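What follows is a short report on a single structure.
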Amino acid sequence: MARSVTTQRKLIFTIIGWSIGFLIFFPILWTFLTSFKTEGTAVATPPQFLFFDWTLENYHEVQSRSDYGKHVMNSIVISVGSTLLGLALAIPAAWAMAFSPTKRTKDILMWMLSTKMMPSVGVLVPLYLIFRDWGLLDSRLGLVAVLTMINLPIIVWMLYTYFKEIPGEILEAARMDGASLMKEIIYVLTPMAVPGIASTMLLNIILAWNEAFWTLNLTAANAAPLTAFIASYSSPEGLFWAKLSAASTMAIAPILIMGWFSQKQLVRGLTFGAVK
Amino acid sequence: MFKRTLLLGAVSVAAMVSFAHAETLTIATVNNGDMVRMQKLTDDFTKKNPDIKLEWVTLEENVLRQRVTTDIATKGGQYDVMTIGTYEVPIWAKQGWLLPLDGLGADYDKADLLPSISDAVSVDGKLYASPFYGESAMVMYRKDLAEKAGVTIPEKPTWDQIAEAAKKMTDKSTETYGICLRGKAGWGENMALLTATANSFGARWFDEKWAPQFDQPEWKKALTFYVDLMKEAGPAGASSNGFNENLALFQTGKCGIWIDATVAASFVTNPKESKVADKVGYALFPTGGVENHGNWLWAWNLGIPAGTQKAEAAQKFVSWATDKAYTELVASKEGWANVPPGTRTSLYANPEYQKAAPFAKITLDAMTAANTSKPTIKPVPYTGGQFVAIPEFQGLGTAVGQQFSAALAGSVTVDQALQSAQALTTREMTKGGYIK
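Protein chains in written order, with the numbering used here: chain A, 8 to 283; chain B, 26 to 461.
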């Protein structure tokens, strides 16, 4: 009897789990399906789910109008570049906070996080002027710098949490053996924190990939990433859902595939230290 | 040896400089059919001007507006040509942000521009942007449904005639709604329609001393009429419908009457996209007791920011994209129906265009009827038809639009919406220093 209750429970939980998963995934699925519809079918009421005339017309149109390769390349450079730069700055910072905290460490962490609370548009004009004067407008370098700064608090916070889980005694032992500070961080701390660093990295690549305010406002033709590619397919006058869906599918495909392959690492990192 | 290397270096640098002489123009545009077509025809321009290269930045309207406003206000110099609306041109020109277009060349023929459009993009008689395509608003209706319901819509209808026809055309059992109007909040969405409607009822945004007028009977009459009509004969969820949502409804045969931008006519008569392509009739924007057809007038224009280093090349491009030869180029490649409408008198005199575009006459009539320097019957201190040409209007229009959208959704009454609109407009105008 008890056994059947467990099976039943399992079944219910499985169904609930799958339903929630499907619900979360549904917008992406719908975007994907819409990208194969004509503009007319895309807005048809009642909506057509699977039984419509599938067409590749939107992908042709998007391909012929935009330089997809250039946008993808920009997205990759900007997201990977800003994440690596962020990690290079955040690992030492998080080390300091985790292993030799002062009484102000908590305040510094809070202060760092508080910078995320300010609406981005509040600093748009000052930053735009700095970029203009330094010749960084519409450059990948400029965007790497901005996205690094924006995501730095999150990187530091995540790494700090992971580092806290590592016993300080191990680092102490390394020091006893004569390891310098750099060696201690590179050869002892980093290998132990790999899952944490990996998930921080992945999460930041995703955040930088999806960032749409700065990437739209600071770029024009040369450094525009995929966010600008998507934004060019929305239209105030004229139907655009099918073409926009095709552009969106193309824009999210690389990051979705990356996420798919690294999900084990991502989940492991995100739940790192959650169960004690 | 060193000297030789130096010489070689100098020669190659000189060679590179002469190769790099080709100027690159960065052009910011909105995503709509006419602009995309222009992008495809780039080759024609670069063939005629081999020393100029073109880079396109296409963005959604609101993103583009934010993007180019930031750039022009800070003199960022990211763009050499910008696509801007009739709302921005007078404001930006007065700020000194746009270069006057006085080098467009002999073939440009400024006198051929439609007077209403030409006025809208000129300040003190000087052209500050060159119109690429223009539009007004009009009534589009289903001739078959009107016939079935036994109603006729005259060429110059009144709002009462529209309401009567809409109610008779409505058949909710078959999801056929008599009238589809914008309800989605936004200064360029529902407020475009409602400001034009208010104009046609004799209402105004501000009196001569910039005092907001939402507490006046004309506004109450206009808004009550709109809300009541939409409740009785409009589609469900109309408060989230904008141009595109109504276009989809009309094209799929769910609307009897749709009142919106004239550019819609080319979509609803396109048999590839529209189920009702051969059943559409047209009329002027309705009047509501005063002789005023709303004065809706909009154009997308090409302007040159004052911060550009390539003004001469930019003027060459603007001239190419907006002169009469461009119209002929589009016609030869894509057919007359796809020519950008609403900017030149000569286009409407062209028999081939009239044949290809059955809505040509009514579009011209609507555009000629629009007068943006006198938007409403009573005197006002502002210009603009379906908008008020002051910098505060974007924020103000959207805030008021939210109140009116809520009234349409039924979450507040018409009186409450008007009171809130009056209060928030008074506050903003006081803050802006217009009133004390």
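We put the CB at the ideal spot given by N, CA and C, even for glycine.
These numbers come from a predicted model, not from an experiment.
Within 8 Å, strictly: CB atoms of residue i and residue j
i: residue 150 (chain A); j: residue 209 (chain A); result: no
i: residue 104 (chain A); j: residue 167 (chain A); result: yes
i: residue 324 (chain B); j: residue 368 (chain B); result: yes
i: residue 290 (chain B); j: residue 307 (chain B); result: yes
i: residue 215 (chain A); j: residue 85 (chain A); result: yes
i: residue 183 (chain B); j: residue 311 (chain B); result: yes
i: residue 279 (chain B); j: residue 200 (chain B); result: yes
i: residue 282 (chain B); j: residue 387 (chain B); result: no
i: residue 47 (chain A); j: residue 270 (chain B); result: no
i: residue 64 (chain A); j: residue 38 (chain A); result: no
i: residue 174 (chain B); j: residue 197 (chain B); result: no
i: residue 245 (chain A); j: residue 155 (chain A); result: no
i: residue 347 (chain B); j: residue 157 (chain B); result: yes
i: residue 216 (chain B); j: residue 439 (chain B); result: no
i: residue 259 (chain A); j: residue 211 (chain A); result: no
i: residue 318 (chain B); j: residue 394 (chain B); result: yes
i: residue 202 (chain B); j: residue 222 (chain B); result: no
i: residue 254 (chain B); j: residue 191 (chain B); result: yes
Test: residue i CB closer than 8 Å to a CB of chain B
i: residue 53 (chain A); result: no
i: residue 72 (chain A); result: yes
i: residue 50 (chain A); result: yes
i: residue 281 (chain A); result: With a pLDDT of only 48 at residue 281 (chain A), under 50, the local geometry of the prediction cannot be trusted, and the value read off the model is given with reservation. Output row for residue 281 (chain A): interface = no.
i: residue 132 (chain A); result: yes
i: residue 245 (chain A); result: yes
i: residue 224 (chain A); result: yes
i: residue 66 (chain A); result: no
i: residue 89 (chain A); result: no
i: residue 297 (chain A); result: The question about residue 297 (chain A) has no answer here: the residues shown for chain A are numbered 8 through 283.
i: residue 191 (chain A); result: no
i: residue 46 (chain A); result: yes
i: residue 239 (chain A); result: yes
i: residue 242 (chain A); result: yes
Boundaries (first-last residue) of the beta strand (DSSP E) holding residue i
i: residue 78 (chain B); result: 77-84
i: residue 283 (chain B); result: 280-286
i: residue 48 (chain B); result: 48-55
i: residue 106 (chain B); result: 106-110
i: residue 327 (chain B); result: 323-328
Nearest to residue i (by Cα), restricted to the options the options
i: residue 131 (chain A); options: A:35, A:234, A:229 and A:220; result: A:220
i: residue 98 (chain B); options: B:372, B:433 and B:416; result: B:416
i: residue 125 (chain B); options: B:379, B:336, B:378 and B:347; result: B:336
i: residue 202 (chain A); options: A:179, A:74 and A:269; result: A:269
i: residue 57 (chain A); options: A:42, A:68, A:195 and A:125; result: A:42
i: residue 229 (chain A); options: B:83, B:66 and B:374; result: B:83
i: residue 208 (chain B); options: B:260, B:189, B:279 and B:360; result: B:260
i: residue 137 (chain A); options: B:101, B:148 and B:206; result: B:101
i: residue 88 (chain B); options: A:240, A:248 and A:73; result: A:240
i: residue 82 (chain A); options: A:97, A:107 and A:146; result: A:146
i: residue 159 (chain B); options: B:432, B:322, B:116 and B:418; result: B:322
i: residue 19 (chain B); options: B:92, B:443 and B:109; result: Any question about residue 19 (chain B) goes unanswered here, given that chain B covers just 26 to 461.
i: residue 287 (chain A); options: A:51, A:157 and A:99; result: For chain A, the structure presents residues 8 to 283; residue 287 (chain A) sits outside this window and is missing.
Per-residue burial, residue i [other beta carbons within 10 Å of its own, 16 or more giving buried]
i: residue 283 (chain A); result: Only weak support is given to the placement of residue 283 (chain A): the predicted model assigns it a pLDDT of 40, under 50, and the value that follows is read from those uncertain coordinates. Flag for residue 283 (chain A) reads exposed.
i: residue 250 (chain A); result: buried
i: residue 15 (chain A); result: exposed
i: residue 226 (chain B); result: buried
i: residue 70 (chain A); result: exposed
i: residue 452 (chain B); result: exposed
i: residue 41 (chain B); result: Note that residue 41 (chain B) has pLDDT 47, beneath the 50 cutoff, so the model's placement of it is unreliable and no number is given.
i: residue 281 (chain A); result: Low per-residue confidence applies at residue 281 (chain A): pLDDT is 48, beneath 50, and the placement is therefore not dependable, though the value from the model is reported in the following sentence. So residue 281 (chain A) ends up on the exposed side.
i: residue 412 (chain B); result: buried
i: residue 23 (chain A); result: exposed
i: residue 128 (chain A); result: exposed
N- and C-terminal bounds of the alpha helix (DSSP H) containing residue i
i: residue 167 (chain B); result: No alpha helix (DSSP H) holds residue 167 (chain B); the beta strand (DSSP E) holding it covers 162-167.
i: residue 118 (chain A); result: 112-121
i: residue 305 (chain B); result: Taken as a continuous stretch (DSSP letters only), residue 305 (chain B) belongs to no alpha helix (DSSP H), being part of the beta strand (DSSP E) at 305-309.
i: residue 215 (chain B); result: 215-225
i: residue 237 (chain A); result: 233-238
i: residue 162 (chain A); result: 147-171
Cutoff 8 Å: residue i Cβ touching any chain A Cβ
i: residue 207 (chain B); result: no
i: residue 342 (chain B); result: no
i: residue 293 (chain B); result: no
i: residue 92 (chain B); result: yes
Any non-hydrogen atom of the ligand MG within 7 Å of residue i CB
i: residue 198 (chain A); result: Only the bare structure without any ligand can be found here, which leaves the ligand MG out of the picture.
* **Within 7 Å of chain D by C-beta, residues of the stretch 135-159 of chain A in sequence order** => In summary, chain D is missing from the structure at hand, where the protein chains are A and B.
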